[in-house]
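In what follows, a single structure is set out as structure tokens and then discussed.
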Amino acid sequence: EAEVAQSPRYKITEKSQAVAFWCDPISGHATLYWYRQILGQGPELLVQFQDESVVDDSQLPKDRFSAERLKGVDSTLKIQPAELGDSAMYLCASSQDTGGEKLFFGSGTQLSVL
Amino acid sequence: GESVGLHLPTLSVQEGDNSIINCAYSNSASDYFIWYKQESGKGPQFIIDIRSNMDKRQGQRVTVLLNKTVKHLSLQIAATQPGDSAVYFCAENLASGGSYIPTFGRGTSLIVHP
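In structure tokens, the structure reads:
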């Protein structure tokens, strides 16, 4: 069964450093999502792409976070500089359309900022 | 702002019992709801969905009930098994600029005792 691929699986960094996460959605899925999940809470949307275009990034802290999906396939989420409060699981998901139906999630990148 | 939330953070049941996980939503305009299961160290996995024009939908061992009058959603798991132990999230689709943003609640941890 096709899966959403994410890397790295774990990332430990010091505050003020730059980090980047990569996601490869299921082939043919036009919509890609980046979520942040703090331990004990539900995932919170950071950014949603439709093909290469941003659909919603209203919750993305744009002073330090950036996301791109240049060719409408894989995507990169970057944090620069990282802060202690950024420690969380970063989840990527994809779906076939923009209706928010049946998201397929990757296993996430667990970020620890020291 | 409006949000999706859960009544019980933890539910403990015995193997073979039926489990009921509840969710309250506050956005009366939401017309699509999804339940996800998240096992430790993994991303959420789609379980079942329901549209607002339905009151009930059944899957394999799972049933979702929707009460639009009181804005309440529930997930029923029949004959609960140890493999059902996980965190369960309800999510609603919020309309945003022509697309839909899947918005998650806090989650309920289901613990199944053998």
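Chains as they are written, first to last, in this note's numbering: chain P, 225 to 338; chain B, 23 to 136. By construction, the Cβ of each residue, glycine as well, lies at the ideal position given by its N, Cα and C atoms.
Environment of residue 225 of chain P [buried if 16+ CB atoms lie within 10 Å]: Taking every protein chain shown into account, the CB of residue 225 of chain P has fewer than 16 other CB atoms within 10 angstroms, so this residue is exposed.
Given residue 106 of chain B as reference, the closest of B:82, B:91, B:125 and B:46 once Cα atoms are compared: If you compare the alpha carbons of B:82, B:91, B:125 and B:46 with that of residue 106 of chain B, the shortest gap goes to B:82.
In DSSP terms, what residue 78 of chain B is bridged to: Partner residues in the beta bridge of residue 78 of chain B, as assigned by DSSP, are B:87.
Cβ distance (whole Å) where residue 53 of chain B is taken to contact residue 326 of chain P below 8 Å: For a cut-off of 8 Å, the C-beta gap from residue 53 of chain B to residue 326 of chain P is around 15 Å, too long to register as a contact.
Beta-carbon neighbours of residue 128 of chain B, restricted to chain P and to distances below 7 Å: Identification of chain P residues near residue 128 of chain B by a Cβ-Cβ cut-off of 7 Å yields 265 and 266, ordered along the chain.
Chain B contact for residue 274 of chain P (CB, 8 Å cutoff): Yes, its Cβ sits closer than 8 Å to a Cβ of chain B.
Touching by the beta-carbon criterion (3+ pairs, under 8 Å), the segment 308-321 of chain P and the segment 36-44 of chain B: These segments do not touch.
Chain D contacts from the segment 51-65 of chain B (Cβ-Cβ distance under 9 Å): Included in the structure are the protein chains P and B, with no chain D among them.
Neighbour list for residue 124 of chain B in chain P, Cβ cutoff strictly below 7 Å: What residue 124 of chain B touches in chain P: 324 and 327.
Where residue 115 of chain B meets chain P, residues with beta-carbon distance less than 9 Å: Neighbours of residue 115 of chain B on chain P, chain order: 323, 324 and 325.
Neighbourhood of residue 55 of chain B by C-beta distance below 6 Å, restricted to the same chain and skipping five residues each side: These residues qualify, in order along the chain: 72, 95 and 114.
C-alpha distance - residue 236 of chain P paired with residue 290 of chain P, whole-angstrom precision: About 19 Å.
Beta carbon of residue 256 of chain P nearer than 8 Å to that of residue 293 of chain P: Inclusion of residue 256 of chain P and residue 293 of chain P in the CB contact set at 8 Å is warranted, their separation being smaller than that value.
Partners in chain P for residue 107 of chain B, counting only beta-carbon separations shorter than 8 Å: Correct list: empty, because the minimum Cβ distance to chain P is about 16 Å.
Inter-residue spacing [alpha-carbon to alpha-carbon] between residue 34 of chain B and residue 228 of chain P: Spanning the alpha carbons of residue 34 of chain B and residue 228 of chain P requires a straight line of approximately 31 Å.
Test: residue 34 of chain B CB closer than 8 Å to a CB of chain P: Output row for residue 34 of chain B: interface = no.
Proximity test, Cβ basis, 8 Å: residue 271 of chain P and chain B: Output row for residue 271 of chain P: interface = no.
Partner residues on chain P for residue 39 of chain B, Cβ-Cβ distance less than 8 Å: In chain order: nothing, as chain P lies at least about 25 Å away.
Close-in-space but distant-in-sequence residues of the same chain around residue 100 of chain B (CB under 6 Å, 5 per side omitted): Answer for residue 100 of chain B: 40 and 83, listed in chain order.
Beta carbon of residue 322 of chain P nearer than 8 Å to that of residue 274 of chain P: Contact flag set, yes.
Exposed unless 16 or more other CB atoms sit within 10 angstroms - verdict on residue 263 of chain P: Exposed, because fewer than 16 other Cβ atoms sit within 10 Å of the Cβ of residue 263 of chain P.
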